[in-house]
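Asker:
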Amino acid sequence: MDRKIKLDTIEEAIRDFKDGKFIIVVDDEDRENEGDLIVAAEKITPEQVNFMLKNARGVLCAPITMRRCDELQLPRQVEDNTSVLGTPFTVTVDKLEGCSTGVSIQDRAATIRALADPSSTPETFGRPGHVNPLYAQERGVL
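Per my numbering, residue 956 is the first one in the sequence shown, and the count goes up by one each step.
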């Protein structure tokens, strides 16, 4: 079966991203050569978390800027990162207020939204948790 894959423009992807829709960002061939399913953190829903966990089947991550990591006092998960690709994870977190164990799709969505919320402080989160923040690359595609 020969099906054409439609790739949206950056402008279309940004519009969908702002609207809280999923978009797929494709890595370079020399990296992981995969697509990452992403959604705006401030708009993520429990249903979207559930879809990602059931269908994408990778690690659910929340990329945030280095500055935001500093503001939230999120240190790197390990200082000497020896993983194959050197993915810069921070310590895992759960939102404390309004959440239970942190593992439910509702709790994970609330934690991800809280990571994007400028009013969140280091005290907003318990460590370790069930959401994997990671240091985002500065000046990326979006």
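For each residue, glycine too, the CB sits at the ideal point set by N, CA and C.
Taking cysteine 1024 as part of the alpha helix (DSSP H), name the residues at either end of that continuous run.
Answerer: Here residue 1024 is taken as the residue at index 69 of the sequence shown, counted from 1. Looking at the DSSP string, the run of the alpha helix (DSSP H) that includes cysteine 1024 is 1021 to 1026.
Asker: Could you please give me the residues that DSSP links to valine 981 through a beta bridge?
Answerer: Working through the sequence shown from its first residue, we reach residue 981 at position 26. Answer is Gly990.
Asker: If you check the beta carbons only, do leucine 1089 and threonine 1042 fall under 8 Å apart?
Answerer: Here residue 1089 refers to the residue found at position 134 of the sequence shown. Here residue 1042 refers to the residue found at position 87 of the sequence shown. It is a contact, given that the beta carbons lie within the stated cut-off.
Asker: Rounded to a whole number of angstroms, what is the C-alpha to C-alpha distance between threonine 1066 and alanine 1011?
Answerer: If you number the sequence shown from 1, residue 1066 lands on position 111. If you number the sequence shown from 1, residue 1011 lands on position 56. Using only the alpha carbons, I get a separation of about 19 Å.
Asker: On the DSSP bridge list, what partners appear for glycine 975?
Answerer: As a first step, residue 975 must be located in the sequence shown, where it is residue number 20. Partner(s): none; glycine 975 has no beta bridge.
Asker: Which residues mark the beginning and the end of the alpha helix (DSSP H) in which phenylalanine 1006 is found?
Answerer: Here residue 1006 refers to the residue found at position 51 of the sequence shown. Element bounds for phenylalanine 1006: 1001 to 1006.
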